[in-house]
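Data first, discussion second: the structure below is written as C-alpha cells.
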Amino acid sequence: MGGTAASASGNRAASRGRIDKRQAILDAAFTVFANRGYARACMEEIAEVAGVAKHTVYNHLGDKESLFHAAMEATGNAVMAENLAVAERLTVDGGEGTDPLRSGLQDVGYRLLLQCCDPRSWALRRLLYAEITRFPGLLEAVWGRGADRLRQALADRMARLSLAGMLRACDPVEAAEQFLALLTGPMEARSQLGTRPVPETELHTVADAAVGTFLRAFRADHLSTTAAAAAG
5 MGGTAASASG NRAASRGRID KRQAILDAAF TVFANRGYAR ACMEEIAEVA GVAKHTVYNH
65 LGDKESLFHA AMEATGNAVM AENLAVAERL TVDGGEGTDP LRSGLQDVGY RLLLQCCDPR
125 SWALRRLLYA EITRFPGLLE AVWGRGADRL RQALADRMAR LSLAGMLRAC DPVEAAEQFL
185 ALLTGPMEAR SQLGTRPVPE TELHTVADAA VGTFLRAFRA DHLSTTAAAA AG
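Here is the structure:
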C-alpha cells in the first residue's frame, strides 16, 4: 500500500512538473514572439527565457509554428478569462450611489478598459495583425472565439438587466456589442496602438462617456426619468 501511494504521489508530482514546464515555455514563447515577431524569434532564445533546454521545447510543443499557435492561444485564453471575470461583475444589483445601474456599468466598463490596455493584450493584438497573412486562421482561433464569448457573456447580463426593468426591451447581443464598441472604440487612437500608456483618469473618462451614451440608448424609460430628476 505504502509503495503504491508513494508511486501515485510521484506520478502526480511529475505530471504537475510537466504542466508547469509547459506553461513556462508558453509564457516565454509569447514574450519572445511579442518582442521579436514570428520571423525573427528563435527557439534557442525561447528555451533560454523559459529556463529549459532547447530539446525540451521541441518535446513539449513541437516546431516553431506549433509553438507560436499554442502560445497565442494560451495567451488569448488567459486574457479572455480575465475579461469574462469582469463581465460577471455586471449584476441586477448594480453598483453604489443614487444611480446603481450607471455606477455598475462604469465599474465594469473601466475594468474592461484596463484589460484592453494591458500590455499583454496589446502585444497579442499586434501579433495577430502582423501575422494574419501568414496564419489567416489564427485571428478567429485566438481572437474571434474569445470576442464572441465576451459578447455572449455581456449579452447574458444585458438580458438580465432588461428582465429586471433596468434596461429597455432590447436585443441583448446588440446591447452588448454597442457597449463594447463605445468602450474600446477610442482606445487605439488614445493609446497610439498600444504604444502610449493611458492614465487611469483617462480610462475613467472614456468609461463614463461610454456608459452615458449607452444609457441614453438603452436605459428603461422610467429609470431615465428618475435619473434625470436625481441629476437635476
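Residue numbering for the sequence shown is 5 to 236, as defined by the numbering used here.
The beta carbon of each residue, even a glycine, is placed where N, CA and C say it ideally should be.
query, result
"Cβ neighbour criterion (16 or more within 10 Å) applied to residue 226", "exposed"
"Rounded straight-line distance, which links the Cα of residue 82 to that of residue 13", "Because residue 13 sits at a pLDDT of 49, beneath the cut-off of 50, its placement in the model cannot be relied upon, and the following sentence gives the value as read from the coordinates. Spanning the two alpha carbons is a distance of roughly 29 Å."
"Option nearest residue 27 by Cα separation, candidates 218, 137, 55 and 112", "55"
"Host alpha helix (DSSP H) of residue 97 (start-end)", "Premise fails: residue 97 is in no alpha helix (DSSP H) and is neither H nor E."
"Beta-carbon proximity of residue 132 to residue 87, cut-off 8 Å", "no"
"Residue from 126, 219 and 72 whose Cα sits closest to the Cα of residue 188", "126"
"Residue 171 - partner residues in DSSP beta bridges", "223"
"Helix, strand or coil at residue 215 according to DSSP, with G and I counted as helix", "helix"
"Beta-carbon proximity check, residue 42 vs residue 138, cutoff 8 Å", "yes"
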